[in-house]
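A.B. asks: What follows is a single structure, and I will ask about it in a moment.
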Amino acid sequence: MSGPLLEAVGVSIQFGGLKALSDFNLAIHKGDLQGLIGPNGAGKTTAFNVLTGVYQPTQGEVRVSGLRVNGRLPHQINHLGLARTFQNIRLFRALTALDNVKVACRGQAALHVEGVGPGAKFRGALRNYRDWWRALMLTPGFLAEERELTRQAEHLLEVMGLSHRRDEEARNLPYGEQRRLEIARALGTRPKVLLLDEPAAGMNTREKADLMVLIRKLRDEFDLGILVIEHDMKLVMGICEKITVLDHGETIARGAPAEVRSDRKVIEAYLGDSYLESHGGAA
Amino acid sequence: MQTASAVSGSGGSSGVPASLRGILPVLVALPVLLVLEWLLSNSPFASYLLSIMAVNIILAVSLNIVNGMTGQFSIGHAGFMAVGAYLAGVTSLALKDVALSFLPVAVSDQVFLVVALLAGGISAALAGFLVGLPSLRLRGDYLAIVTLGFGEIIRVVVTNTEAFGRALGLSGIPQTSTVAMVGFWVFLVVLVSRRIAGSSHGRSLWAIREDEVAAEAMGVNTTGYKVRAFVISSFFAGIAGGLFAHFVPIINPGSFTFVKSMEIVVMVVLGGLGSTTGAIVAAVFLTLLPEALRSAFAAFGSESTLAQQVDQIRMPVYGLLLVVLMLSRPQGLFGTKELWEVIPRWIPRRRKGM
Ligand SMILES: Nc1ncnc2c1ncn2[C@@H]1O[C@H](COP(=O)(O)OP(=O)(O)OP(=O)(O)O)[C@@H](O)[C@H]1O
Ligand SMILES: [Mg+2]
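If you're matching them up, the sequences are chains A and B in order.
Quick note on this note's numbering: the first sequence kicks off at 53 and runs consecutively.
Quick note on this note's numbering: the second sequence kicks off at 27 and runs consecutively.
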């Protein structure tokens, strides 16, 4: 068994006086499907932002495939195999559904550019300019690459059930489809670990049910580790094997859905009395 | 916005060997340009006007790569034009007495012109790299501030450098520019712009324009792409400056002021941020407008002062144009679309059965 694909060790981040995340630990292995829950403002999205390099942790370490990524840029971390969706949908609104995914596929195609070792940066830069030159001269290799990108993107649209929206601008898609397009786009970067930030928000019950099936299918088909933030308890409890609960940046519980559900602190902080009542008491 | 169009469009010429496909449009354009050159050989004013127009098109189309496609805001394009103009000018002056005796004079002139232009273009590209790298790392309006400063710094440097003729300007640059040469560069910048727009590079630029955070999260090296777009844009601004230096009798710092930069920005905004053909149409329009006003004034009364005032009222006119545009059609003439995507919608549809 190899080590975790994504790991957070004692990660804390502070915004001015606010400790949005303290001593956060996490390990995602290949094939994991984990959940991250907690009340509004608990620090869930902040955790995603720290993991993906949008924010730098004030303390602790983030590792992707065992490699320390503190200080790396988001696109570099993405190249290492970490992709995400956004809570407040951030599609390339004026681009077609297909192009949205192709942008992400392209990022992966350029991956070989960033090697390591002395001179790598220079070689990378040269290679980048050569890539542009190939595009300007429409070399056969370039055209073949473009066709391959299109093929990959079309496949991902199909997987996410969006083939019929191929040439529509992302902003014109209904809400639920925009969320699915975000997932298709994230998959375009060929991640090892996928972070989903409230993928079911705004969906109706049927869409949510379909999404649950889909997320499981993605995990199996793409051999992913997945971490989901979600407020819908039915969805989280239904698909996740392990759940981490945050409150005010602190990890207050972690474990299998049944354990978390019956945890006193979790019920007090998040699930609330109404949850207890409707589920006939957990303690 | 469908970015695949350029690739499929240009790739459609299937009868052509793959190795030639990339430069096929150039091979087609060259004879056309030479014929144009021949037709205009006896009309210096038309040639001059066409050259000015061409320089403006190159400037607008190249700025559109940064301000339109990538969604950044550069307002110092005239500065890069100046770098190109002066470096190309100085190069030409240095090479003035050299000749390629085995070639006819006209051809040898063009060879030296190309050398000078490349010197100007590459210097401007280098300047673009140095200005772009630090400022494009940051998001937001830093680029506007830095490019604005850059334009002014270049003016100050030129004004105080003996080799560039100080405030008096640089004269005696061989007037070797031709309609065919400016036409060639117009053609080239349009080709480059369209091919970028239709490639995966262009797609990444659009993505940056749409949402920089998301683009970065999807593995797009946003700083890298922005810098490369900026370098290419600066290169062509330098070429435009170089061409300019070879058909006007004198270049001085007054030709590359903030007003010139704003003029180019207005062209890009008027045409529609992101539209290459929009930038062309706007550049043509804004080149002809002052000329038309000038000749109109000259025709009414032969008061030369009135005709001269056209130059002075330029800036307020541009300002007014921008305001009206922002209020009535903020996306510009074509938005992000190209001429051929827009025109069919303007033509009233025929009835079925006709
Ligand atoms: N860039 C920032 N600067 C300052 N404070 C921030 C920043 N980002 C997040 N916060 C704060 O950190 C806390 C955690 O926010 P976060 O968005 O992570 O919550 P969340 O758990 O995702 O909540 P929700 O369920 O509403 O999405 C909040 O109090 C928020 O105001
Ligand atoms: Mg959140």
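Here a beta-carbon is modelled for each residue, glycine too, at the ideal position from N, C-alpha and C.
Being a predicted model, the structure only gives us computed values, none of them experimental.
At 9 Å on the CB atoms, spell out the chain B contacts of Leu88 of chain A, in chain order.
C.D. replies: Those do not exist, as Leu88 of chain A stays about 17 Å from chain B at its closest Cβ, beyond 9 Å.
A.B. asks: Going by C-alpha to C-alpha distance, which of A:Ala222, A:Val211, A:Pro126 and A:Phe194 sits closest to Ser225 of chain B?
C.D. replies: For the residues A:Ala222, A:Val211, A:Pro126 and A:Phe194, the minimum Cα distance to Ser225 of chain B belongs to A:Phe194.
A.B. asks: With which residues is Gly277 of chain A paired in a DSSP beta bridge?
C.D. replies: According to DSSP, Gly277 of chain A bridges with A:Val245.
A.B. asks: Considering Asp75 of chain A, what are the terminal residues of the beta strand (DSSP E) in which it resides?
C.D. replies: Its beta strand (DSSP E) spans residues Leu70 to Ile80.
A.B. asks: Within its chain, find whatever has a CB closer than 7 Å to the CB of Val157 of chain B; leave out the 5 residues flanking it on each side and keep chain order.
C.D. replies: Closer than 7 Å at the Cβ level, and outside the excluded window around Val157 of chain B, lie Val172, Thr173 and Phe176.
A.B. asks: Using C-beta distances below 6 Å, list every residue in its chain close to Leu323 of chain A, excluding the 5 sequence neighbours before and after it, in chain order.
C.D. replies: Hits under 6 Å: none found.
A.B. asks: What residues come near ligand 1, if near means a beta carbon less than 6 Å from any of its heavy atoms?
C.D. replies: That gives A:Phe67, A:Leu70, A:Ala72, A:Gly90, A:Asn92, A:Gly93, A:Ala94, A:Gly95, A:Lys96, A:Thr97, A:Thr98 and A:Gln139.
A.B. asks: Expressed to the nearest angstrom, what Euclidean distance is found between the alpha-carbon atoms of Glu198 of chain A and Asp151 of chain A?
C.D. replies: Those two C-alpha atoms are separated by around 11 Å.
A.B. asks: When you compare the CB of Trp184 of chain A with every CB in chain B, is at least one pair closer than 7 Å?
C.D. replies: For Trp184 of chain A, the answer is yes, since a Cβ of chain B falls inside 7 Å of its Cβ.
A.B. asks: Taking Leu89 of chain B and Ser259 of chain B to be in contact with their CB atoms under 8 Å, please state how far apart those CB atoms are, rounded to whole angstroms.
C.D. replies: The pair is a contact, with the Cβ atoms about 6 Å apart (cut-off 8 Å).
A.B. asks: How should Asp237 of chain B be labelled, buried or exposed, when 16 other C-beta atoms within 10 angstroms of its C-beta is the threshold for buried?
C.D. replies: That one is buried.
A.B. asks: Any beta carbon from chain A within less than 7 Å of Ser161 of chain B's own beta carbon?
C.D. replies: No, no contact with chain A.
A.B. asks: Helix, strand or coil, according to DSSP, for Val63 of chain A in the structure here?
C.D. replies: Strand, per DSSP.
A.B. asks: Do Leu196 of chain B and Gly115 of chain B have their beta-carbon atoms positioned less than 7 Å apart in this structure?
C.D. replies: Their beta carbons are under 7 Å apart, which means Gly115 of chain B touches Leu196 of chain B by this criterion.
A.B. asks: Assuming contact is defined by CB atoms lying nearer than 7 Å, are Glu59 of chain A and Arg115 of chain A in contact in what I supplied?
C.D. replies: Contact flag set, yes.
A.B. asks: Within the present structure, is the beta-carbon of Leu62 of chain B separated from the nearest heavy atom of ligand 4 by less than 6 Å?
C.D. replies: Because ligand 4 does not appear in the structure shown, any question about it cannot be addressed here, the ligands present being ligand 1 and ligand 2.
A.B. asks: So Val212 of chain B contacts chain A; which residues on that side make the cut at Cβ distance below 9 Å?
C.D. replies: Going along chain A, no residue has its Cβ under 9 Å from Val212 of chain B, so there is no contact; the nearest lies around 16 Å.
A.B. asks: Give every residue of the same chain whose Cβ lies closer than 7 Å to the Cβ of Leu10 of chain B, excluding the five residues on either side of it in the sequence, and list them in chain order.
C.D. replies: The structure shown does not extend to residue 10 of chain B, since chain B is modelled only from 27 to 380, so the question has no answer here.
A.B. asks: Helix, strand or coil: how does DSSP classify Glu282 of chain A here?
C.D. replies: Of the three classes helix, strand and coil, the one that applies to Glu282 of chain A here is coil, per DSSP.
A.B. asks: Just tell me which of A:Arg218, A:Ala308 and A:Asp75 has its CA closest to the CA of Gly62 of chain A.
C.D. replies: When only C-alpha atoms are compared, the closest one is A:Asp75.
A.B. asks: Thinking Ala72 of chain A and Thr98 of chain A are a contact (beta carbons under 8 Å), I'd like their distance in whole angstroms, please.
C.D. replies: Rounded, the Cβ-Cβ distance is 4 Å, consistent with contact.
A.B. asks: Go ahead and label Thr336 of chain A buried or exposed: buried means 16 or more other beta carbons lie within 10 angstroms of its beta carbon, across all protein chains shown.
C.D. replies: Limits of chain A in this structure are 53 at one end and 335 at the other, which puts residue 336 of chain A out of reach.
A.B. asks: For the stretch 254–272 of chain A against the stretch 286–295 of chain A, are there 3 or more C-beta pairs whose distance is under 8 Å?
C.D. replies: Result yes; three or more Cβ-Cβ pairs closer than 8 Å.
A.B. asks: Note the first and the last residue of the continuous beta strand (DSSP E) segment covering Asp299 of chain A.
C.D. replies: Unbroken beta strand (DSSP E) run through Asp299 of chain A: Lys294 to Asp299.
A.B. asks: Using only CA atoms, which one of B:Ile277, B:Thr303, B:Leu75 and B:Met352 lies nearest to Arg192 of chain B?
C.D. replies: Residue B:Ile277 is the option with its Cα nearest to Arg192 of chain B.
A.B. asks: Does DSSP classify Leu125 of chain A as helix, strand or coil?
C.D. replies: DSSP places Leu125 of chain A in coil when its eight states are reduced to three.
A.B. asks: Among residues of its own chain, excluding the 5 on either side of Val165 of chain A, which ones have a beta-carbon nearer than 7 Å to its beta-carbon?
C.D. replies: Model confidence at Val165 of chain A stands at a pLDDT of 46, short of 50, so the residue's coordinates are unreliable; what they give is reported in the following sentence. These residues qualify, in order along the chain: Gly176, Arg179 and Asn180.
A.B. asks: Are the stretch 138–146 of chain B and the stretch 264–275 of chain B in contact at 8 Å, needing three or more beta carbon pairs?
C.D. replies: Verdict: yes, contact present.
A.B. asks: Using 8 Å for Cβ pairs, my map puts Val153 of chain A next to Gly240 of chain A. What's the rounded Cβ distance?
C.D. replies: Rounded, the Cβ-Cβ distance is 5 Å, consistent with contact.
A.B. asks: On the CB-based measure, 16 or more other CB atoms within 10 Å of its CB, does Arg355 of chain B come out buried or exposed?
C.D. replies: With fewer than 16 other Cβ atoms within 10 Å, it is exposed.
A.B. asks: Would you mind working out which of A:Gly112, A:Leu103 and A:Leu143 sits nearest Pro226 of chain A, comparing C-alpha positions?
C.D. replies: Ranking the options by Cα distance to Pro226 of chain A, first place goes to A:Leu143.
A.B. asks: Tell me the DSSP bridge mates of Gln111 of chain A?
C.D. replies: Answer is A:Ser64, bridged to Gln111 of chain A.
A.B. asks: Taking 6 Å as the limit between beta carbons, can you name the residues of its chain near Pro91 of chain A, skipping five residues before and five after?
C.D. replies: Correct list, in chain order: Tyr322.
A.B. asks: From what residue to what residue does the alpha helix (DSSP H) around Arg203 of chain A run?
C.D. replies: Residues Pro192 to Val211.
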